[in-house]
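Each residue of the sequence shown is one higher than the last, beginning at 19 in my numbering.
A short write-up of the structure that comes next.
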Amino acid sequence: MRFIDEAVVTVKAGDGGNGIASFRREKYVPRGGPDGGDGGSGGDVYVIADDNTNTLVDYRYTRRYDAKRGENGQSKNCSGKGSEDIYLPVPVGTTVVDTETDEVLGDLVEIGQTLLVAKGGDGGLGNTHFKSSTNQAPRKATSGFEGELKVLKFELKVVADVGLVGLPNAGKSTFIRQVSAAKPKVADYPFTTLVPNLGVVDIGRHRSFVMADIPGLIEGASEGAGLGIRFLKHVARTRRLLHLVDVKPVDGSDPVENARVILNELERFSPELANLPQILVLNKIDQVAEEDLNELCTHIVAELGWTGMVFRTSTLTGEGVDAIKYHLMNDIEREREREIEDPIFAEAQKERFARLEEEVRLNTEAQREAYRAARRAAREGIDNSDDRLDDDEDGVEVVYVP
Numbered sequence: 019m020r021f022i023d024e025a026v027v028t029v030k031a032g033d034g035g036n037g038i039a040s041f042r043r044e045k046y047v048p049r050g051g052p053d054g055g056d057g058g059s060g061g062d063v064y065v066i067a068d069d070n071t072n073t074l075v076d077y078r079y080t081r082r083y084d085a086k087r088g089e090n091g092q093s094k095n096c097s098g099k100g101s102e103d104i105y106l107p108v109p110v111g112t113t114v115v116d117t118e119t120d121e122v123l124g125d126l127v128e129i130g131q132t133l134l135v136a137k138g139g140d141g142g143l144g145n146t147h148f149k150s151s152t153n154q155a156p157r158k159a160t161s162g163f164e165g166e167l168k169v170l171k172f173e174l175k176v177v178a179d180v181g182l183v184g185l186p187n188a189g190k191s192t193f194i195r196q197v198s199a200a201k202p203k204v205a206d207y208p209f210t211t212l213v214p215n216l217g218v219v220d221i222g223r224h225r226s227f228v229m230a231d232i233p234g235l236i237e238g239a240s241e242g243a244g245l246g247i248r249f250l251k252h253v254a255r256t257r258r259l260l261h262l263v264d265v266k267p268v269d270g271s272d273p274v275e276n277a278r279v280i281l282n283e284l285e286r287f288s289p290e291l292a293n294l295p296q297i298l299v300l301n302k303i304d305q306v307a308e309e310d311l312n313e314l315c316t317h318i319v320a321e322l323g324w325t326g327m328v329f330r331t332s333t334l335t336g337e338g339v340d341a342i343k344y345h346l347m348n349d350i351e352r353e354r355e356r357e358i359e360d361p362i363f364a365e366a367q368k369e370r371f372a373r374l375e376e377e378v379r380l381n382t383e384a385q386r387e388a389y390r391a392a393r394r395a396a397r398e399g400i401d402n403s404d405d406r407l408d409d410d411e412d413g414v415e416v417v418y419v420p
């Protein structure tokens, strides 16, 4: 199954059926008066969050969805039959945007949540409605109203409590394999992970949270370099960011500078996103001699000026992983309970995530357009005939393990 996180579709609600002009004609009732029925209503178009759908790939192949029109009215004051509504299933975490007005129509974050995106037209009136004492034989009937036509953009962001960020080969995929049933590809080269991977971290006794492994960011990701422009938006719904840093990179790079690259990219992409609570994880400690480990880790924390939580782990051996799991679970549970008990805090949280969603959406679109324009200009300088844009990563596969 291909992982597609954006799609543009056209939806057309059904037109209303026409009313008719009809007159009652029965034996011994030659002039029975008007009896034209109304037309039926056209079908509405809804979008529904479906937990059995994990990607928007279907909407890359079928791009238009039309509801049926209502039936016309009939004689004997019989109204036409209304058309059935149609429902478009999308993954939980999908935002629906009207491309004409750039208005966010809704954000589907709960299973079964529905959103009306196109209203069907009302049926026309039969001539029965126009009779009066001075017009006992009206021949007027009205046509049905047209249903709404909209071009919509579906934007999927994974729904997770914790997002894993870090440079390629920082150990994110190995970490999520350690703490959940997710089995993303792991190898000793950069960009092994090409799509976000979700895993449910089960602590036991009905305690769990969802973790997302976001493909490796690199310097310039906020401006479109690497995979960042496509997947940075997927950390927008998380409560916590887990920042993994390789303390002993195989390329000999400085772990402090590597950590700063990620922090800078988050800040440039979205200041609201950079303000999410972060936990620093100094990973791959098994690659450092025991007598040098404490000094190295202290140096990294001091150089970064880090004042938040810090953990030391080896995702290869599992050392230190459980401590992070329980810390995250306790932290998330406290936040969830406070949201239930404190309406003011819950409202503040809701507003914060709304700001984050809007900021990430606008920044993603603006930076994507700037990146495309830069690539187009670069290609035109080399070959004016080549105007293809490689902004779609079709063909990659999604891994989603509940």
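Beta carbons are placed, not taken as given, at the ideal position from N, Cα and C, and that holds for glycine.
- prompt: Which residue comes first and which comes last in the beta strand (DSSP E) that contains ASP84?
  reply: Taking the first residue of the sequence shown as position 1, residue 84 is located at position 66. Residues 82 to 84.
field: Continuous beta strand (DSSP E) stretch holding LEU259: start and end
entry: Walking along the sequence shown from the start, residue 259 turns up at place 241. Element bounds for LEU259: 258 to 264.
- prompt: So is ARG168 buried or exposed if we call it buried at 16+ other beta carbons inside 10 Å?
  reply: The sequence position of residue 168 within the sequence shown is 150, counting from 1. Before going on, a small fix: residue 168 reads as Lys here, not Arg. Buried, by the Cβ-count rule.
- request: Please list, in chain order, all residues of the same chain as ILE342 whose beta carbon is under 6 Å from its beta carbon, the five residues on each side excluded.
  value: To locate residue 342, count along the sequence shown from 1; it is residue 324. PHE329, listed in sequence order.
task: Rank ALA85, LEU284, ALA178 by C-alpha distance to the C-alpha of ALA230 and give the top, closest one.
output: Locating residue 230 in the sequence shown gives position 212, counting from the first residue. Nearest of ALA85, LEU284, ALA178 to ALA230, Cα basis: ALA178.
message: Looking at the strands, I want to know which residues DSSP matches up with PHE363.
response: Position 345 of the sequence shown holds residue 363. Paired residue(s): none; PHE363 is not in a bridge.
message: Would you call the region 123 to 131 in contact with the region 88 to 100, where contact means no fewer than 3 C-beta pairs closer than 8 Å?
response: no
Beta-carbon proximity list for VAL27, same chain, < 6 Å, skipping 5 on both sides: Taking the sequence shown and counting its residues from 1, one reaches residue 27 at position 9. Result list for VAL27: TYR77, ARG81, LEU170, in chain order.
query: If you follow the beta strand (DSSP E) that GLU285 is part of, which residue opens it and which one closes it?
result: Taking the sequence shown and counting its residues from 1, one reaches residue 285 at position 267. It is not in any beta strand (DSSP E) - GLU285 instead sits in the alpha helix (DSSP H) that spans 273 to 287.
- request: Please check the pair ILE221 and GLY181, which I expect to be a contact at CB under 8 Å, by giving their CB distance rounded to whole angstroms.
  value: Stepping through the sequence shown from its first residue, residue 221 is reached at position 203. Stepping through the sequence shown from its first residue, residue 181 is reached at position 163. Incorrect: roughly 18 Å between the Cβ atoms, too far for contact.
query: Taking three-plus beta-carbon pairs below 8 Å as touching, is the region 182 to 196 in contact with the region 331 to 341?
result: Yes, they touch.
field: Assigned exposure category for ASP33 - 16 Cβ within 10 Å defines buried
entry: Stepping through the sequence shown from its first residue, residue 33 is reached at position 15. By the 10 Å Cβ count, ASP33 comes out buried.
task: Pick out the complete beta strand (DSSP E) segments inside the region 69 to 119, 3 residues or longer, and give them in chain order.
output: 82 to 84, 104 to 108, 112 to 116
task: Report back the beta-carbon spacing between GLY88 and GLY57 to the nearest angstrom; my notes put them in contact at under 8 Å.
output: Here residue 88 refers to the residue found at position 70 when the sequence shown is read from its first residue. Here residue 57 refers to the residue found at position 39 when the sequence shown is read from its first residue. 5 Å between Cβ atoms; contact.
task: Along the alpha helix (DSSP H) that carries PRO191, what are the first and last residues, could you check?
output: Counting from one through the sequence shown, the residue named residue 191 turns up at place 173. The question names Pro, but residue 191 is Ser in the sequence shown. Counting along the chain, the alpha helix (DSSP H) containing SER191 begins and ends at 190 to 197.
- prompt: THR132 lies in the beta strand (DSSP E); which residues open and close that run?
  reply: In the sequence shown, counting from the first residue as 1, residue 132 sits at position 114. That run of the beta strand (DSSP E) goes 132 to 136.
message: Which same chain residues end up closer than 8 Å to ASN402 when comparing Cβ atoms and leaving out the 5 residues on each side of it in sequence?
response: As a first step, residue 402 must be located in the sequence shown, where it is residue number 384. Bear in mind that the predicted position of ASN402 carries a pLDDT of just 45, short of 50, making it too unreliable to give a figure here.
query: By the 10 Å Cβ neighbour count, where 16 or more other Cβ atoms means buried, how is VAL47 classified, buried or exposed?
result: Mapped onto the sequence shown, residue 47 falls at position 29. Looking at its Cβ environment, which holds fewer than 16 other Cβ atoms inside 10 Å, VAL47 is exposed.
Rounded separation between ASP68 and ASP140 - CA only: Along the sequence shown, read from residue 1 onward, the residue named residue 68 stands at position 50. Along the sequence shown, read from residue 1 onward, the residue named residue 140 stands at position 122. ASP68 and ASP140: Cα-Cα distance of roughly 29 Å.
- prompt: Which residues in the same chain have their Cβ closer than 6 Å to the Cβ of LEU262, if we skip the five residues on either side of it in sequence?
  reply: Within the sequence shown, numbered from 1, the residue matching residue 262 stands at position 244. Same-chain partners within the cutoff: GLY184, ALA188, GLY189, LYS190, VAL299, ASN301.
Identity of the residue in ALA307, LEU322, GLN305 nearest ASN282 by Cα: Position 264 of the sequence shown, counted from the start, is the residue given in the question as residue 282. Of the candidates ALA307, LEU322, GLN305, the one whose C-alpha sits nearest the C-alpha of ASN282 is LEU322.
- prompt: In this structure, what does DSSP give as the bridge partners for VAL122?
  reply: Taking the sequence shown and counting its residues from 1, the one referred to as residue 122 is at position 104. VAL115, per the DSSP bridge assignment.
task: Measure the C-alpha to C-alpha separation of GLU102 and GLY165 and round it to an integer number of angstroms.
output: Numbered from its first residue, the sequence shown carries residue 102 at position 84. Numbered from its first residue, the sequence shown carries residue 165 at position 147. Straight-line Cα distance between these residues: approximately 13 Å.
query: Where do the ends of the beta strand (DSSP E) carrying ASN215 lie?
result: As a first step, residue 215 is located in the sequence shown; it is residue number 197 there, counting from the start. ASN215 -> beta strand (DSSP E) spans 215 to 222.
- prompt: Do PHE172 and GLU24 have their CB atoms nearer than 8 Å?
  reply: Residue numbering aside, residue 172 sits at position 154 when the sequence shown is read from its first letter. Residue numbering aside, residue 24 sits at position 6 when the sequence shown is read from its first letter. For PHE172 and GLU24, yes; Cβs fall inside 8 Å.
query: Under 8 Å between the Cβ atoms of PHE41 and ALA159?
result: Mapped onto the sequence shown, residue 41 falls at position 23. Mapped onto the sequence shown, residue 159 falls at position 141. Not closer than 8 Å, so no.
- request: Consult DSSP for PHE371 and reduce its assignment to one of helix, strand or coil.
  value: By 1-based counting over the sequence shown, the position of residue 371 is 353. Judged by DSSP in its simplified three-state form, PHE371 adopts helix.
message: Considering only heavy atoms of the ligand FMN, does any lie closer than 7 Å to the CB of GLU308?
response: Absent from the structure shown: the ligand FMN. Ligands present: none.
task: Grab the span of the alpha helix (DSSP H) containing VAL319 for me, first residue to last.
output: Within the sequence shown, numbered from 1, the residue matching residue 319 stands at position 301. Its alpha helix (DSSP H) spans residues 308 to 322.
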